[in-house]
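> Would you mind keeping the following structure in view while I ask a few things?
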Amino acid sequence: MADTTTCSFCVSIECEEYFDRDEHTALFVPRTSSAVPGHLLVVPLMHVERFDTDPHWTGVTMQHAARWARDLGSYNVIVNVGEDAGMTAHHLHVHLLPRVAGDQVPMPWPDRRRAAGLDPK
């Protein structure tokens, strides 16, 4: 488990650097790079290292992400687990990416039917 005094999310929560919060989670705008305008991060106030570390806090975080996502229209929900999946911060967080037609955000996998040369009718 990470030291909460060096965890960037724990420090940001302690310093109240969030956009909004409720009794269980904080809502952040990414500091370094946003995939799209309106990109949000939902972070549990309790230090939970990964999506699979504590099912209770994962559930609470996902419930709150769903609540904050209600008005986004179309969006992606992304959780990275492990370095090979792009995890860089070792504190559970859920990315909410609002999407609009033509936003040029690539998805990380091809359409399997198209990749297999099948007609996607």
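The sequence shown begins at 0 in numbering that gives the first Met the number 0 and counts up one residue at a time. Each residue gets a CB set at the ideal place from its N, CA and C atoms; glycine is no exception. Note that the structure is a prediction, hence the values are computed from the model and not measured.
(1) Here's the rule: buried if 16 or more other CB atoms are within 10 angstroms of the residue's CB, otherwise exposed. What is Val41?
(2) Look at the alpha carbon of Glu16 and the alpha carbon of Pro43, and state the distance between them as a whole number of angstroms.
(3) Whose C-alpha, out of Ser73, Phe50, Val28 and Thr60, is nearest the C-alpha of Gly101?
(4) List the endpoints of the continuous beta strand (DSSP E) containing Pro97.
(5) Around the Cβ of His63, are there at least 16 other Cβ atoms within 10 angstroms (buried) or fewer (exposed)?
(6) Under DSSP, the alpha helix (DSSP H) around Ala68 begins and ends at which residues?
(7) What does DSSP give as the partner residue(s) for Val121 in the beta ladder?
(8) Is the separation between the beta-carbon of Leu95 and that of Val35 shorter than 8 Å?
(9) Less than 8 Å between the CB atoms is what I'm expecting for Leu91 and Phe27, so what's the real figure, rounded?
(10) Pop quiz: Asn132 and Met86 are said to be a contact at Cβ under 8 Å. What is the actual Cβ separation, rounded to whole angstroms?
Taking the coordinates as given:
(1) With 16 or more Cβ atoms within 10 Å of its Cβ, Val41 is classed as buried.
(2) Computed Cα separation, rounded: 14 Å.
(3) The shortest Cα separation from Gly101 among Ser73, Phe50, Val28 and Thr60 belongs to Ser73.
(4) Per DSSP, Pro97 belongs to the beta strand (DSSP E) from Val93 to Pro97.
(5) With 16 or more other Cβ atoms inside 10 Å of its own Cβ, His63 counts as buried.
(6) From DSSP, the alpha helix (DSSP H) with Ala68 extends over Pro54 to Ala68.
(7) No answer is possible for residue 121: it lies beyond the span of the chain, which begins at 0 and ends at 120.
(8) No, the pair does not count as a contact, with Cβ atoms beyond the cut-off.
(9) The C-beta separation of Leu91 from Phe27 comes to about 13 Å, leaving the pair out of contact by the 8 Å criterion.
(10) The first residue shown for the chain is 0 and the last is 120, placing residue 132 beyond what the model contains.
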